[in-house]
């Protein structure tokens with residue numbers, strides 16, 4: 001991609017008519033670039049002066065940043081806008097992953113181990129989820145542009161989707177439109193393990 005093409009892409013992607021797919025592509029591009037620079041979200045937030053939570057939402061495709069906000073974030077790398085949109089991350093071609101090679105993206109008692117270090121060029125996210133006793137995905141409900149499903153491997157998990165709620169045990173499963181507000185919560189005396197998938201990878 002040359003300079004003029006990159007500049008056109010800047011204006012196109014940051015236009016107010018962005019689609020969720022375009023937001024996701026921008027977020028995955030930012031994450032791949034941050035990973036290449038060896039920066040955590042927290043480190044990039046400190047460098048750029050943009051809140052860690054904002055960077056997280058952008059990378060997840062849930063927020064479409066303004067030109068000014070994106071420029072501030074990229075200055076923390078550092079890289080310019082045109083160079084950012086000219087950057088083409090390589091899709092990961094690895095086929096098999098050892099347990100220790102899964103990428104941890106969870107926190108606060110919820111371990112989310114992702115298959116692959118980057119989701120750029122992928123249409124699906126696969127996670128091994130572990131909920132410690134009393135852990136949940138937060139008091140608020142989650143919603144994003146995708147479909148997702150999962151199977152409980154061990155323990156018990158309370159799944160809330162819209163106005164429906166059910167406690168699932170080993171072997172039980174769920175599948176729903178991720179745009180419906182949802183929440184996950186561990187219940188019972190032992191931690192819960194789930195294998196899940198989400199497409200496109202907007203979580």
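Residue numbers (the numbering used here): 1 to 203.
Glycine residues also receive a C-beta, built at the ideal position from the N, C-alpha and C atoms.
Please read all numbers here as calculations on a predicted model, not as lab measurements.
Endpoints, alpha helix (DSSP H) assigned at residue i
i, result
"residue 196", "Taken as a continuous stretch (DSSP letters only), residue 196 belongs to no alpha helix (DSSP H), being part of the beta strand (DSSP E) at 192-199."
"residue 56", "52-59"
"residue 75", "67-75"
"residue 46", "41-48"
"residue 84", "81-86"
First and last residue of the uninterrupted beta strand (DSSP E) at residue i
i, result
"residue 173", "173-177"
"residue 154", "147-154"
"residue 63", "Looking at the DSSP string, residue 63 is not in any beta strand (DSSP E), and its letter there is neither H nor E."
"residue 183", "182-187"
Option in the options with minimal Cα separation from residue i
i, options, result
"residue 121", "69, 202, 112", "202"
"residue 115", "196, 85, 30, 26", "196"
"residue 198", "162, 126, 55, 95", "126"
"residue 64", "191, 30, 166", "30"
"residue 169", "186, 82, 110", "186"
"residue 138", "152, 144, 110, 130", "110"
"residue 57", "43, 131, 154, 144", "144"
"residue 214", "152, 140, 148", "What the structure shows of the chain is the stretch from 1 to 203, and residue 214 is not part of that stretch, so it cannot be assessed."
"residue 131", "112, 148, 141", "112"
"residue 106", "171, 135, 172", "135"
Classification of residue i by the beta-carbon crowding that lies within 10 angstroms, buried from 16 upward
i, result
"residue 15", "Note that residue 15 scores 47 on pLDDT, short of 50, meaning its location in the model is unreliable; the coordinates nonetheless yield the value given after this. Classification for residue 15: exposed."
"residue 93", "exposed"
"residue 4", "Because residue 4 sits at a pLDDT of 47, beneath the cut-off of 50, its placement in the model cannot be relied upon, and the following sentence gives the value as read from the coordinates. Residue 4 should be labelled exposed."
"residue 164", "exposed"
"residue 156", "buried"
"residue 40", "exposed"
"residue 167", "exposed"
"residue 48", "buried"
"residue 45", "buried"
"residue 146", "buried"
"residue 51", "exposed"
Sheet register partners of residue i (DSSP bridge)
i, result
"residue 130", "111, 193"
"residue 168", "157"
"residue 125", "198"
"residue 142", "182"
"residue 104", "113"
"residue 136", "185"
Check whether the stretch 78-93 touches the stretch 28-41, counting contact only when three or more Cβ pairs, one atom from each stretch, lie closer than 8 Å.
-> yes
Counting pairs of Cβ atoms below 8 Å between the stretch 105-123 and the stretch 165-181, do you hit three or more?
-> no
Would you check if there are 3 or more beta carbon pairs closer than 8 Å linking the stretch 157-165 to the stretch 93-108?
-> no
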